[in-house]
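Chains as they are written, first to last, in the working numbering: chain V, 476 to 1267; chain F, 394 to 674.
Built from N, CA and C at the ideal position, the CB exists for glycine as well.
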Amino acid sequence: MSGPQTIFDKPNTYIGKSVPRADAVRLTQGRGKYVDDIQLPRMLHAAFVRSPVAHGRIVSINVSEAKAVPGVTAVFTGADFVGQVEPYVGVLSHLAGLRSAPQMPLAVDVARWTGEPLVMVVASSRAIAEDAAALVEIDIEELDPATDMERALDADAPVIHAEFGSNLAWERLVEAGNPDAAFARDDVTVVERRFRFGRHTGVTLETRASVVEYDPSERMLTYWYSGQAPHMMQFILAKHLGLPEENVRVVSQDVGGSFGIKIHTYGDDIATAAAAKILGRPVKFVADRLESFLTDIHARDHVVDGRIAVTADGKIAALAFDDVTGIGPYSMYPRTSAIEANQVLNLTGAPYLIEHYRARARVVFQNKNMMCQYRAVGHPIAMAVADGLLEDAANEIGMDVVEIRRRNLVRDDAYPTVSATGMKFDDLSHHKSLDRLVEMMDYDARRAEHARLRKEGIHRGIGLVSMVEVTNPSPMFYGIGGAPIASQDGTTIRLEAGGAIHVSSSVTEQGQGTNAILAQIAAGVFGVPLDRVKVTTGDTRSTPYGGGTWASRGAGIGGEATLQAAHALKQQVLEVAATILQSTPDKFDIVDGHVVDADGGPPRMSLSDLARTVYYRGNELPSDLSPELVATRHYRVSDFPFVFTNGAMAAEVELDPETGFVKVLNFWAVEDCGRVINPQLVDGQIRGGVVQGIGGAFYEECIYSEDGQLENATMADYLVPMAFEMPDIFVAHVETPTKTSVLGAKGAGEAGTGGAPAALMNAVNDALRPLGASIHQMPMTPERVLKALGTV
Amino acid sequence: MKAAEFKYERPGSLAEAFALLEDGDLDATPLAGGQSLVPMMNFRLAQPGMLVDLSALDEIKGISGDGGGLRIGAMTRYVDLAASALVAERAPLMAMALPHIAHAAIRNRGTIGGSVALADPAAEMPALLLALDAEITVQSSAGTKTHAAADFFLGMYETALQSGELVTAITVPAPAPDRRFAFYELARRHGDYAMAGVAVAASGAPGGVCSDYRVAFFSVSDRALRATAAEAALDGKVPMDGAEAAIAALGEIPFAGDLNAATATKQHLSGVVLKRALERV
Ligand SMILES: Cc1cc2nc3c(=O)[nH]c(=O)nc-3n(C[C@H](O)[C@H](O)[C@H](O)COP(=O)(O)OP(=O)(O)OC[C@H]3O[C@@H](n4cnc5c(N)ncnc54)[C@H](O)[C@@H]3O)c2cc1C
């Protein structure tokens, strides 16, 4: 009998194959069903009046003219939701000391960032709602804003929440060994740098969107949601709208990208649900691009003062840094806005053997849009700080940047290990990945070519990063802190009468191909052709309970649950087959939709014959056999807080010193995400992530004026990389399956975004170094490069 | 956002268009390719009472030879300019610049007249017309006027166009046989409005001294403008020989910064694009 351990060798497995995803044709033909495609009878449309100032006391709101516009059903102010919506606070108990103030969907007396929703207009069309919104009169008394996070802790800074006495939301210090003594050694070289990371955002193709229907007869609320955590949203809506959880159904159909933007609680979405409940009519809200820029969570606004000490033979003697990050006026609910800083503390230098370590993070309130978890939470900062310092240190002591890594990376045979910050690592392959990278990019030849080109006035640079990525989180991530976020996920697989199988899983699909890999796993493990698998995800009513897809957990956790469920269903089927064929289950296997003899030979019985016998002609079965033909399995990671992956990446750039322009010529990524289920989808994740990393490194930045106005809230002014800005991206894999599951898959969704900025910054600095310049601020815009060169 | 309510007309003749545009009660605005106007309406930054769609006015579309020069109807789209052999031959500067104007989808709809009427300080077309010594024909029910490009662009989104008037044609004089051109711009991403750009024209043999320079910048100030001191510094010189003096003369330009480049950066980049254009003349 084939146990789950042997599935990878089966001739009919789909694991490891780049089979096309089932939804590709549908989506490219424009047949996707997104939230905005939903039309319900009697549906109303919402528009919001948003705060025009970063900080202001609401003196009065006059909605009478707006209410009088024909087609307007209702106008709500913050006060109207008091008593209807329970306020929410973005804190978690395991982030000790984190504080935030209660939030309501619409600001009640003080507006705290530009774009915060103040008034909601509900009308028969969005255009009418906007017409009416323009007629709402709001008298706001402007208050001094605290926008600059670096000054938000100053004694004279305006305090955003008076009850806290300061703008400090959270602070954490991590210390290991004796960093002071290590930095003071007289045989070390110390390099100090100040890194700045620009605030940016996720820019999903499909913007945030909600359609909410409330049926008062059953007190049943249905929320169509473009998101990645349906069960979490079920809990949140139930709790804050005062409904039993089972009376809330959350449905995610196709999702046009999410990147972490859509796993948070947004005032306008909650207001939409509250309005639907109050009015007893469906309400739709689709954020437009301006609203997306103003209110979708931002990320990465950090200033980090970092220091590294290295010995003459290139060993890291100590690493220390101080991180300040501004998160906006509240910590986002329910995941909190302290996680990114926490990740920076935990992950900086994680690939390396570092004994002496000190890191402090201060998370501060400010009058800008809120920051929270966006793809590769904290990783780009952690990797850029550690590998930026390391490459600069290598150059100080005259050592090659590959060599210095080889001397410090944790050995591939040393695992399991625990890092200076207490992170548990296993099954990593830093050296093997670095070796593969060096070979793939022809490192030495490229260096030699750059030296030659430099003599001709062509300034190229190479930069590397060795990285880890947090994936497959256990309950230690959120659940432990009291968040309503499942860390386990489940899959149910049912044999249909026609011999096909139906998979329903609590992980979600937001464009990356989750459904496709679940189908591959189920088909391969169970034994049917791929086109005989249908998958349902994203519906709290019909899938098992689970966390959804974020933190690169869809394949690793949802995939394992699917594998186990497919295996369990197969055992059931073999038992039935054995009874019908008068043998024992271990004598059979399922191949290509048929029960076959375990040692080969022609099909003995088709699955449809078997299923129809069970479903239609149960009288033919012995009375003590009552097959289920449906199996559910749940899975969570239990021995580790996270299953880390690792990777090594390199960028090659060409710098134009006259203009400050940088062209990315090539990018190489070697990633170890354990078992690769679909190489094409994994490579797509890496490439897409690298492109987002290019965005963070060179283009993307939410530019605020001093008084807290977002100055580039359009796709014309907020620059995301496009096809022209994308280099060739070469991807290779080292496969070290995780021992935490049979499947062995770790996550792959965030590596590119997490690692690319560090490699790109190092590459630019490699090009700048002969010119006596360096840059440690992202995005590395032409103007900043020119400033680094002293040109302007 | 959704555009505020507006009325829409698509007149079949200029006379009908003028009747609509000159009726003050209608608060009418001409619609050309809509690539600038429609986004502004969708942000409710523009809320016209009526759109007068010019797309049925065949009389202001198309490219024809005008002596040795060109006459381009205002409603001619970028895509048609880019495909025109006549433009490539008689206004090669335009052919050089067109691939840098926005993206293919926008060039499919955007028109030369729309760009000229809008006078975005970052747009390429006004600078091209300055470098080409082009003329802009405007018309209303009261008649036809012709402005030299040099007198037309007055400031940020500000032109000599009076309300009720339409830009109907652009005329480009026949280039002298030894007229040579160059174009260079620096954009953050391909297809973006430039951080700085310049169009250059000059007369002379390849590699030799040139005269009658035109140096027209865009995206460095509140409008497209000619750098006349730089032109004078170049006069009678081989382009690259005059580059240094021309760059030194750029102080005459009232540089204005934006989100991508502060004033000093604009000035620096103007020098760089000018040098690179002169290398290509
Ligand atoms: C993403 C994007 C990128 C772009 N990048 C660039 C770029 O790099 N360079 C660039 O130059 N442009 C760029 N544009 C703008 C584009 O070129 C516009 O098409 C052009 O500026 C306006 O032309 P239009 O025909 O679309 O005019 P419309 O948008 O229809 O009209 C613009 C204005 O001119 C008025 N108008 C139009 N025609 C006439 C007329 N004949 N007489 C009087 N008034 C008239 C209208 O009333 C309106 O006020 C970009 C646009 C977009 C959306």
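Short of 6 Å from the beta carbon of V:L1243, and not among the five residues preceding or following it, lie these beta carbons of its own chain, in chain order: S1249. Sequence-distant partners of V:L1261 (beyond 5 residues in either direction) whose C-beta falls short of 6 Å from its own C-beta, in its chain, are G1135, V1267. For V:M1197, the chain F residues whose C-beta falls within less than 8 Å of its own C-beta are R582, H583, G584, listed in chain order.
With contacts defined as CB atoms closer than 9 Å, F:A639 and F:V608 qualify as a contacting pair. Here V:N844 is buried: its Cβ has 16 or more other Cβ atoms, across all protein chains shown, within 10 Å. Classified as buried, V:A762 has 16 or more neighbouring CB atoms from the shown chains inside 10 Å of its CB.
When rounded, the separation of the alpha-carbon atoms in V:G652 and V:H831 is 4 Å. Shown in chain order are the members of the segment 1172–1199 of chain V whose Cβ falls below 9 Å from a Cβ of chain F: F1173, Y1174, I1178, E1186, N1187, T1189, A1191, D1192, L1194, V1195, P1196, M1197, A1198, F1199. Within the segment 635–660 of chain F, L652, N653, A654, A655, A657, T658 place their CB atoms closer than 8 Å to a CB of chain V, listed in sequence order.
For V:S980, no alpha helix (DSSP H) segment is defined; the enclosing uninterrupted segment is the beta strand (DSSP E) at 976–980.
It is roughly 46 Å from the alpha-carbon of F:E624 to the alpha-carbon of V:S767. Neighbours of F:M588 in chain V, taken as residues whose beta carbon is under 8 Å from its own, are P1257 in chain order. Distance from the Cα of F:T469 is smallest, within the candidate group F:N435, F:I563, F:L521, for F:I563. At a cut-off of 8 Å, the beta-carbon of F:Q428 counts as near ligand 1: some heavy atom of the ligand is closer than that. Between V:Q1167 and V:E1200, the alpha-carbon positions lie close to 11 Å from each other. Beta-bridge partners assigned by DSSP to V:A1123: V:S941, V:V1145. Residues of chain V with a Cβ closer than 7 Å to the Cβ of F:K400 do not exist, since the nearest Cβ in that chain sits about 15 Å away. For V:D606, the residues of chain F that pass the 8 Å Cβ criterion are A397, E398, in the order they occur in the chain. A distance criterion of 8 Å places the beta-carbon of V:H934 beyond contact range of ligand 1, judged by its closest non-hydrogen atom.
Here V:P757 carries a coil assignment [DSSP, helix/strand/coil]. Taken in chain order, the unbroken stretches of alpha helix (DSSP H) that lie wholly in the segment 1173–1244 of chain V and span 4 residues or more are 1226–1243. The alpha-carbon separation between V:A1172 and F:E558 amounts to approximately 47 Å.
Put simply, of V:L939, V:A1207, V:L993, V:H569 the residue whose alpha carbon is nearest the alpha carbon of V:D964 is V:L993. Chain F places no beta carbon closer than 9 Å to that of V:S599, leaving this residue out of the contacts. Around the C-beta of V:V1089, 16 or more other C-beta atoms lie within 10 Å, and the residue is accordingly described as buried. Under the 8 Å Cβ criterion, the segment 540–550 of chain V counts as touching the segment 607–626 of chain V, having at least three qualifying pairs. The Cβ neighbour count for F:G460, taken over all protein chains shown within 10 Å, is under 16; the residue is labelled exposed.
When Cβ-Cβ separations below 9 Å define contact, F:R500 makes no contact with chain V. The contact set of V:D771 on chain F, defined by CB atoms closer than 9 Å, is empty, because the minimum CB distance reaches about 16 Å. A straight line joining the alpha-carbon of F:E452 with that of F:V431 spans about 24 Å. V:R835 and V:G897 have their alpha carbons spaced roughly 15 Å apart. Partner residues in the beta bridge of V:R647, as assigned by DSSP, are V:A836.
Rounded to whole angstroms, V:R1092 and V:V1003 show a C-alpha spacing of 23 Å.
Counted as a single uninterrupted DSSP element, the beta strand (DSSP E) harbouring V:P592 occupies residues 592–598. By the criterion of a C-beta distance shorter than 6 Å, V:F952 is surrounded by no residue of its chain, once the five residues flanking it on both sides are discounted.
Under the three-state reduction of DSSP output, F:L424 falls in the strand class.
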